[in-house]
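When we follow this note's numbering, the leftmost residue of the sequence shown carries the number 112, and every step to the right adds one.
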Amino acid sequence: YECKECGKAFRQYAHLTRHQRLNIAEKCYECKECGQAFLCSTGLRIHHKLHTGEKPYECKECGKAFRVRQQLTLHQRIHTGEKPYDCKECGKTFSRGYHLTLHQRIHT
112 YECKECGKAF
122 RQYAHLTRHQ
132 RLNIAEKCYE
142 CKECGQAFLC
152 STGLRIHHKL
162 HTGEKPYECK
172 ECGKAFRVRQ
182 QLTLHQRIHT
192 GEKPYDCKEC
202 GKTFSRGYHL
212 TLHQRIHT
């Protein structure tokens, strides 16, 4: 489960919600360039790369670059075909946990 704010990944949904609850009280990290506020410092750090254009994580397979390492990891699954998330109901596999979560709704 991935935090939409900062990209940090969690193995359990409960850990993601705890992370969000701890940071939701106040968006206390503000970008000095544009004034956008963030829940956590990591979100601000990633956002700042939008202003600098920095994309330090590059795919060795195709050269595409990313601001966040997690985005590179997810992208690399395109090349490897890795689909680590499988539906317990029907066996369908997914490269992203979020896609599995969306898919599981068809079974309810």
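Yeah, the Cβ is synthetic: ideal placement off N, Cα and C, and Gly gets one too.
Just so it is clear, the structure is predicted and the values come from calculations on it, not from any experiment.
(message) So, for V179: in the same chain, excluding its five sequence neighbours on each side, which residues have a beta-carbon less than 6 Å away from its beta-carbon?
(response) Here residue 179 refers to the residue found at position 68 of the sequence shown. The residues G118, I157, in chain order, have a CB closer than 6 Å to that of V179 in the same chain once the five nearest residues on each side in sequence are set aside.
(message) Please return the same chain residues whose Cβ sits closer than 6 Å to the Cβ of E141, not counting the five positions on each side in sequence.
(response) Translated into positions along the sequence shown, residue 141 becomes position 30. Contacts found: A148.
(request) Could you check what DSSP says for T250 in three-state terms: helix, strand or coil? (result) For residue 250 there is no data in the structure shown, the boundaries of the chain being 112 and 219.
(request) Report the rounded CA-to-CA distance for H126 versus K115, giving the unit in angstroms. (result) Locating residue 126 in the sequence shown gives position 15, where the first residue counts as 1. Locating residue 115 in the sequence shown gives position 4, where the first residue counts as 1. Inter-residue distance for H126 and K115 is about 14 Å (C-alpha atoms, whole angstroms).
(request) Would you kindly work out how many angstroms separate the C-alpha atoms of E172 and E144, rounded to a whole number? (result) Within the sequence shown, the letter at position 61 stands for residue 172. Within the sequence shown, the letter at position 33 stands for residue 144. Rounded to whole angstroms, E172 to E144 spans 34 Å at the Cα level.
(message) Assuming K199 and H214 are in contact, meaning their beta carbons sit under 8 Å apart, how far apart are those beta carbons, in whole angstroms?
(response) For the purposes of this step, residue 199 is taken as the residue at position 88 of the sequence shown. For the purposes of this step, residue 214 is taken as the residue at position 103 of the sequence shown. In this structure, K199 and H214 do not form a Cβ contact; the two beta carbons are roughly 11 Å apart against a cut-off of 8 Å.
(message) So, at 7 Å on beta carbons, what are the nonlocal neighbours of E193 in its own chain, with the 5 sequence-adjacent residues on each side left out?
(response) By one-based count along the sequence shown, residue 193 stands at place 82. Closer than 7 Å at Cβ, skipping near neighbours: S206.
(request) Return the chain-ordered list of same chain residues with a C-beta closer than 7 Å to the C-beta of F177, the five sequence neighbours on each side being excluded. (result) Taking the first residue of the sequence shown as 1, we reach residue 177 at position 66. Sequence-distant Cβ neighbours of F177 in its own chain, meaning closer than 7 Å and more than five residues away, are K166, Y168, L183, H186.
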